[in-house]
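Enquirer: So that we are looking at the same thing, I have put the structure below in structure tokens.
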Amino acid sequence: MVSKDVNLTAGALVAGGKGILAADETVPTITKRFAAHTIESTGDSRRAYREMFFTTPGMASFISGVILQDETIRQRSSIGTPLVDLLAQQGGIPGIKVDQGAKPLAGSPGELVTEGLDGLRDRLEEYRRLGARFAKWRAVISIGDGRPSETCVLANAHALGRYAALCQERGLVPIVEPEVLMHGAHDIERCREVTEQVLHVVFDELFEQRVSLEGMLLKPNMVVAGLDCPEQASVEAVAEATLRTLERHVPPAVPGVVFLSGGQDPVLAAKHLSAINELVMPKPWTLSFSYGRALQDEALGAWNGKREGVPAGQHAFYHRAQCDSAAALGRYSSAMESEAAA
Ligand code: 13P
184 MVSKDVNLTA
194 GALVAGGKGI
204 LAADETVPTI
214 TKRFAAHTIE
224 STGDSRRAYR
234 EMFFTTPGMA
244 SFISGVILQD
254 ETIRQRSSIG
264 TPLVDLLAQQ
274 GGIPGIKVDQ
284 GAKPLAGSPG
294 ELVTEGLDGL
304 RDRLEEYRRL
314 GARFAKWRAV
324 ISIGDGRPSE
334 TCVLANAHAL
344 GRYAALCQER
354 GLVPIVEPEV
364 LMHGAHDIER
374 CREVTEQVLH
384 VVFDELFEQR
394 VSLEGMLLKP
404 NMVVAGLDCP
414 EQASVEAVAE
424 ATLRTLERHV
434 PPAVPGVVFL
444 SGGQDPVLAA
454 KHLSAINELV
464 MPKPWTLSFS
474 YGRALQDEAL
484 GAWNGKREGV
494 PAGQHAFYHR
504 AQCDSAAALG
514 RYSSAMESEA
524 AA
């Protein structure tokens with residue numbers, strides 16, 4: 184039996200036009216992002232960076248929860264308060280990335296399977312004690328010559344199912360994230376085909392492993408053309424292909440779908456989400472965001488690793504969160520970009 188709390192938390196994470204900040208980059212990933220701005224990556228600089236987001240005044244009007252990773256959930260702020268508590272004081276629900284990364288899938292050259300099931304029950308137990316109320320597991324599927332293989336889709340979906348069932352057993356909401364990557368020259372139609380296949384197999388596995396749909400969130404990619412495709416789809420075409428794909432493969436019992444940004448330009452990620460919400464088609468789930476780069480990139484540049492950069496970083500983050508929250512309600516407009524600059 185899944186606890187009522189899990190269902191309530193799942194609903195709370197997508198209520199009222201709010202979305203989730205994905206701040207769960209691993210140490211190697213955040214180190215790479217810092218390096219692009221020549222910011223040194225140390226325990227202290229990573230703490231200062233995360234603290235900037237969690238203490239942004241008014242953040243809770245747009246952000247319901249934040250996904251942390253193992254280092255951050257154990258860190259204390261500059262004045263000694265656990266970062267999880269700082270977040271909770273702002274009204275944010277703490278979440279935690281629990282997968283241990285995508286590793287080469289044996290027998291399927293060029294494909295990856297996400298690892299981290301061994302010992303997961305105990306880690307979930309500990310994370311819950313540390314304050315986490317939801318979790319994330321990311322599977323990555325790439326499109327290319329002969330990819331994805333059925334083996335890769337099935338192996339990743341199976342792991343997502345096992346992870347989600349364990350989360351619910353331990354009282355955490357699982358965010359189920361099967362990400363079809365944007366790398367490649369494929370067109371939007373190919374992305375649609377693969378996303379449909381992946382979602383179909385994922386929901387089969389969730390059913391097989393008795394995951395309660397009411398107590399989970401789906402975190403999918405939007406249906407877009409590959410980054411190297413010469414013909415990029417319009418905002419309207421992306422919105423329609425994405426919503427049709429969800430309509431075909433995501434049961435209405437799932438309370439919320441929170442998209443990843445996947446490397447989209449932050450403004451485009453807001454436009455797409457708003458266009459999806461503006462479509463006049465059935466939408467039995469709340470459609471919101473769980474962006475990483477689209478919420479953080481501008482703030483990272485504005486902060487630039489400096490204490491005096493914190494107000495500018497917070498301003499940039501607040502603005503993107505406000506735009507994405509408007510998009511989750513289908514009310515984003517380009518005018519919001521210039522209003523913020525003024
Ligand atoms: P992006 O929005 O940068 O894709 O990150 C979301 C995420 O959590 C990826 O796992």
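Counting in this note's numbering, the sequence shown runs from 184 upward without gaps. From the three backbone atoms N, C-alpha and C, an ideal C-beta is built for every residue, glycine too. Fair warning: this is a prediction, and the values are worked out from it, not measured in the lab.
1) For Phe390, count neighbouring C-beta atoms within 10 Å of its own C-beta (all shown protein chains included) and say buried if the count is 16 or more, exposed if not.
2) With ligand 1 as the reference, list in chain order each residue whose Cβ lies under 5 angstroms from any of its heavy atoms.
3) When we look at the beta-carbon of Thr212 and count the other beta-carbons within 10 Å, is it buried (16 or more) or exposed?
4) On the DSSP letters alone, give me the boundaries of the alpha helix (DSSP H) that Ala271 sits inside.
5) Leaving out five residues on either side along the sequence, give the residues of the same chain with a beta carbon under 7 angstroms from the beta carbon of Val385.
6) Would you mind sorting Gly371 into buried or exposed? The rule is 16 or more other CB atoms within 10 Å of its CB.
7) Beta carbon of Ala195, beta carbon of Ile250: below 8 angstroms?
8) Secondary structure at Ile222, three-state DSSP: helix, strand or coil?
9) Less than 8 angstroms between the CB atoms is what I'm expecting for Gly403 and Leu382, so what's the real figure, rounded?
10) In this structure, how does DSSP classify Phe472 when only helix, strand and coil are distinguished?
11) Could you tell me the alpha carbon to alpha carbon distance between Leu337 and Glu430, rounded to whole angstroms?
12) Would you give the residue range spanned by the beta strand (DSSP E) that Arg514 belongs to?
13) Hey, is the segment 236-250 in contact with the segment 281-300, meaning 3+ C-beta pairs nearer than 8 angstroms?
Expert: Taking the coordinates as given:
1) The sequence position of residue 390 within the sequence shown is 207, counting from 1. Exposed: under 16 other Cβ atoms inside 10 Å.
2) Ala205, Arg321, Leu443, Ser444, Gly445, Tyr474, Gly475 and Arg476
3) In the sequence shown, residue 212 corresponds to position 29, counting from 1. Looking at its Cβ environment, which holds fewer than 16 other Cβ atoms inside 10 Å, Thr212 is exposed.
4) For the purposes of this step, residue 271 is taken as residue 88 along the sequence shown, with counting starting at 1. Per DSSP, Ala271 belongs to the alpha helix (DSSP H) from Leu266 to Gln272.
5) As a working note, residue 385 is residue 202 in the sequence shown. Around Val385: Ala340, Leu343, Val359 and Pro361.
6) Along the sequence shown, read from residue 1 onward, the residue named residue 371 stands at position 188. The sequence as given places Ile at residue 371; Gly does not occur at that position. Burial call: buried.
7) Residue 195 sits at position 12 when you count from the first residue of the sequence shown. Residue 250 sits at position 67 when you count from the first residue of the sequence shown. Result no, Cβ atoms of Ala195 and Ile250 do not sit closer than 8 angstroms.
8) In the sequence shown, the residue the question calls residue 222 occupies position 39. Coil, per DSSP.
9) Counting from 1 along the sequence shown, the entry for residue 403 is found at position 220. Counting from 1 along the sequence shown, the entry for residue 382 is found at position 199. In the sequence under discussion, the amino acid at residue 403 is Pro, which differs from the Gly named in the question. Confirmed, about 7 angstroms.
10) If you number the sequence shown from 1, residue 472 lands on position 289. Note: Phe472 maps to strand in three-state DSSP.
11) Against the sequence shown, residue 337 aligns to sequence position 154. Against the sequence shown, residue 430 aligns to sequence position 247. Near 21 angstroms, if we compare the C-alpha coordinates of Glu430 and Leu337.
12) The residue labelled residue 514 in the question sits at position 331 within the sequence shown. Element bounds for Arg514: n/a, residue is neither H nor E.
13) no
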